[in-house]
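Those protein sequences? They're chains E and L, same order as listed.
Note that our numbering has the first sequence beginning at 7, numbered continuously upward.
Note that our numbering has the second sequence beginning at 387, numbered continuously upward.
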Amino acid sequence: MIQPFTSDPLRWVAEDGQPIGELPARFTPEVLRHLHGEMVRAREFDRKLVTLLRQGRTTFYAQSRGMEATQVGLARSIRVGHDWVWPYYRDHALGLAMGVPLLDLISQCLGTNSDPSRGRQMPHHFGAARQNFVSVSSSIASQVPPAAGNALAQKYLGVDEITVCTFGDGATSEGDWHAGVNLAATAQAPCLFVCENNQWAISTPLRAQTASASIHVKAHAYGIPGYLVDGNDIVAVMEVMSHVAAEVRAGQGPALVECLTYRVGSHSNADADAEKNYRTREEVDAWVARDPITRVERLLEHLGDPITAEERSGLIAATHREVDEAVRQAEATGQPDWRIMFEDVYADTPVHLREQAAFLRAEQTGAGQTGGRA
Amino acid sequence: MTATEPRPGVQASATSGPRTLNLIQAITEAMREELARDERVVVFGQDVGARGGVFLATAGLQAEFGERRVFDTPLSEASIVGAAVGMAVRGLRPIAEIQFADYMGPGFDQIVSQAAKIRYRSGGQFTAPLVIRTPSGGGVRGGHHHSQSPESYFTHTPGLKVVMPSTPYDAKGLLRAAVRGGDPVIYFEPKRLYRAAKGEVPDGDYTVEIGKGTVRREGSDLTVIGYGGVMPDVEKAADALATEGVRAEVIDLRSLMPWDRDLVLRSVEKTGRAVLVSEAPRTSNFMGEVAYVIQEQMFDQLLAPVMQVAGFDTPYPYVQDRVYLPGANRIAAACVRALQY
Ligand SMILES: Cc1ncc(C[n+]2csc(CCOP(=O)(O)OP(=O)(O)O)c2C)c(N)n1
């Protein structure tokens, strides 16, 4: 039985890859290999995007290296296309594992015509209607009250769905976070709150963010269960998530799961100097040693079905090919022109926006002044 | 950190005479000097300490003044602004940083309900002299959550002062004035000018009075009025017009609340034409107020309608960043319309 409010993170696989107790039956080597593949794919996506950033082909990217088990494990507990997700900007591994097409994701990062969000958002802020994966907002914690509302709607409509809301540890300091969790709790709305506690909010360490011993204990104050799980152990993440998601689905109200993990890379391209400015190399190295992908590899070795070097490099190469191809396809569609500015502002375009669009059309086509005002 | 070590983003302040600084260096220098001058001054916000702020505006300040004076807060704008109000009421001189103006939202209630109103609601018994510094505006490919110009929300709130410098000289002088004044001041920093705007800054103490604009160039044919990030483009437009023999007078408002009506009206009286430039969305843009005052006071003297060049009434788009902003061409075209009216 998985109990809430533990002080040690729940863990099924030790850091050296040894199972702690008996491994749940569903984690066959085949399943573990599949999960491993998804994590490697997310990691290589990450690596390629950092390269694109260095090449100046995109302008922003928030790495999630080290957080793959949390996101891929969470994805496995979501019934894609039924449940709803209010993610945050670091969730591409979650999106990929939920089946958001790589082309859509890359297109969003490049702001090309193939971008479903039409080049309006900054890179790495994607959304995918087919997966009920709601477009990311940069504004920290602003997704939490809407996620509570989404869950309220699900309860109201009596549908067999839940809402999943993700955020970083820093987000739990915002008033919106508290307001959203409290509302969902009082309404007993089917909302699964997932804290991807990667220990840092840009340069602010967890201990300077909250005086709580952990994030999951905050759930107590709102009257909902809170769980702490080793976010680098994909078996643990999946076990806890499926247990908790089942309770939320069963109408027992919201719950909070804190996945203890680590942001190995910088916060974004804006602080490539993380190690120099506010973190120690030792701390980063200690977490690299707990790498979630390595842990599954060691587990598979332990189970007598190791991933060979060729298999691994094959996986990596396949992802690189896949990303390169998506970049090629996306770039071939070109960049959206000025028209995208005026569409989707409202359901129907009011006259003042039509005037402003006419003004800009004249300006852009050199057709001279139209008398439009801008 | 010793005095001889170079500090990131900051020029050594030991040289004599005017020095050339960029906008962000001038801002850092103002904070450093205010911290040194007055024990009550404290600087805080997200990542302002060890990291020195995402744009490095506070780089080196924690090392120099310690964690009691310069510190990081949890990720909560409501707490940052609310705490600044409480500190100010209790006698400190807080300079709070909101990482991007786009994130003033979570602190909005504290700004408009507490900071702006405590003097009024208490009959002057309690006051909240504080500064909220925040990078604003577009041009850095930040999409709609890192490019907005929310100044009009705050000029619409009685009790707040609102300033936005466009030169290092003004940046330093206005920040000092804001720290020493008696009111809450929203100090917008046009982020695309952080490193692009360079200029001379004198040694020694000076302030730029809040509420006073300045004439950047004299002219007699029309008056172009702007503030913040658009100013270099306003100047470029004026250059272009000059090659056609048109002499534009260029005014930088610097302060939006209060704003320098006298300066504007005197200029428009001379030229008979006004073109108002800002990058915030056009509808309910602060410049609408300037236009209103000009037409009310000078209806008879105007030779053309007051023209407004502004951002579009759309969320700030990522890919069309540069098209969204009113560049020199758009400004010059509005001037030509005013001249040909
Ligand atoms: C309301 C708001 N304030 C500030 C920021 C600037 N900002 C962007 S990411 C970030 C840190 C977020 O940390 P956390 O929630 O722990 O997520 P992580 O990036 O660590 O995954 C900050 C302060 C923002 N995006 N929104």
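Even glycine gets a Cβ: it sits at the ideal position worked out from N, Cα and C.
How many Å lie between residue i and residue j at the Cα?
| i | j | result |
| --- | --- | --- |
| V200 of chain E | R85 of chain E | 16 Å |
| N119 of chain E | S113 of chain E | 8 Å |
| D354 of chain E | I208 of chain E | 39 Å |
| A134 of chain E | T629 of chain L | 51 Å |
| P25 of chain E | A332 of chain E | 38 Å |
| D589 of chain L | A416 of chain L | 11 Å |
| E785 of chain L | V223 of chain E | Because chain L spans 387 through 727 in this model, residue 785 of chain L falls outside it and cannot be assessed. |
| D110 of chain E | Q706 of chain L | 19 Å |
| V270 of chain E | E74 of chain E | 11 Å |
| E655 of chain L | M684 of chain L | 7 Å |
| P211 of chain E | V565 of chain L | 29 Å |
| D121 of chain E | E337 of chain E | 10 Å |
| A719 of chain L | Y539 of chain L | 28 Å |
| P107 of chain E | F512 of chain L | 57 Å |
| A666 of chain L | A696 of chain L | 6 Å |
| Y678 of chain L | Q215 of chain E | 46 Å |
| F457 of chain L | A436 of chain L | 8 Å |
| Y233 of chain E | L80 of chain E | 14 Å |
| L163 of chain E | A252 of chain E | 19 Å |
| L100 of chain E | F33 of chain E | 20 Å |
| K577 of chain L | G320 of chain E | 45 Å |
| V632 of chain L | G605 of chain L | 8 Å |
| S179 of chain E | T192 of chain E | 20 Å |
| Y727 of chain L | H358 of chain E | 22 Å |
Residue i: buried (16+ other C-beta within 10 angstroms of its C-beta) or exposed?
| i | result |
| --- | --- |
| N715 of chain L | exposed |
| V411 of chain L | For the sequence presented, residue 411 of chain L should be read as Gln rather than Val. Buried: at least 16 other Cβ atoms inside 10 Å. |
| M490 of chain L | buried |
| D166 of chain E | exposed |
| Q375 of chain E | Residue placement at Q375 of chain E is flagged as unreliable, the pLDDT there being 49, under the threshold of 50; a coordinate-derived value is accordingly withheld. |
| Y284 of chain E | buried |
| A227 of chain E | exposed |
| P480 of chain L | buried |
| T388 of chain L | In this prediction, T388 of chain L scores a pLDDT of 32, lower than 50, which makes its location untrustworthy; the coordinate-derived value is nonetheless stated afterwards. Exposed, since its Cβ has fewer than 16 Cβ neighbours within 10 Å. |
| D556 of chain L | buried |
| L662 of chain L | buried |
| D239 of chain E | buried |
| F11 of chain E | exposed |
| P151 of chain E | buried |
| K282 of chain E | exposed |
| G524 of chain L | buried |
| D182 of chain E | buried |
| Q9 of chain E | exposed |
| N408 of chain L | buried |
| A295 of chain E | exposed |
| E36 of chain E | exposed |
| D14 of chain E | exposed |
| G431 of chain L | buried |
Any heavy atom of ligand 1 inside 6 Å of the beta-carbon of residue i?
| i | result |
| --- | --- |
| I208 of chain E | yes |
| Q127 of chain E | no |
| I146 of chain E | yes |
| D638 of chain L | no |
| R96 of chain E | yes |
| G174 of chain E | yes |
| P644 of chain L | no |
| Y489 of chain L | yes |
| A177 of chain E | yes |
| P701 of chain L | no |
| N204 of chain E | yes |
| Q149 of chain E | no |
| Q485 of chain L | yes |
Which runs of the beta strand (DSSP E) at least 3 residues long sit entirely within the region 602–660 of chain L? Give them in chain order. 608–612, 634–638, 641–643
Beta carbons nearer than 8 Å to chain E: which residues of the region 597–613 of chain L have them? Taking a C-beta cut-off of 8 Å against chain E, none of the residues of the region 597–613 of chain L qualify.
Give me the subset of the region 179–200 of chain E whose CB atoms are less than 7 Å from a CB atom of chain L, sorted by chain position. S179, E180, G181, D182
For the region 333–365 of chain E, list every residue whose C-beta sits within 7 Å of some C-beta in chain L, in sequence order. Q341, P342, W344, I346, M347, F348, V351, H358, L359, Q362
With a floor of 4 residues, list each alpha helix (DSSP H) that falls wholly inside the region 173–246 of chain E, ordered by position along the chain. 181–193, 212–215, 224–228
Relative to chain E, which residues along the region 697–712 of chain L have a C-beta separation below 9 Å, given in chain order? The residues in question are G697, F698, D699, T700, P701, Y702, P703, Y704, V705, Q706, V709, Y710, P712.
Please list the segments of the alpha helix (DSSP H) lying wholly inside the region 80–158 of chain E, counting only runs of 4 or more residues, in order along the chain. Runs found: 98–103, 108–116.
Using a beta-carbon distance cut-off of less than 7 Å, what residues from the region 435–462 of chain L approach chain E? Residues passing the 7 Å Cβ filter: A436, R437, V440, D458, P460, L461, S462.
Between the region 524–535 of chain L and chain E, which residues of the former have CB atoms less than 8 Å from a CB of the latter, in chain order? R527, G528, G529, H530, H531, H532
Short-range partners of chain E found in the region 483–502 of chain L, where Cβ spacing is below 8 Å: D488, Y489, G491, P492
Contact set between the region 115–129 of chain E and chain L, restricted to residues whose Cβ is under 7 Å from the partner: So the close ones are G117, G125, R126, Q127, M128.
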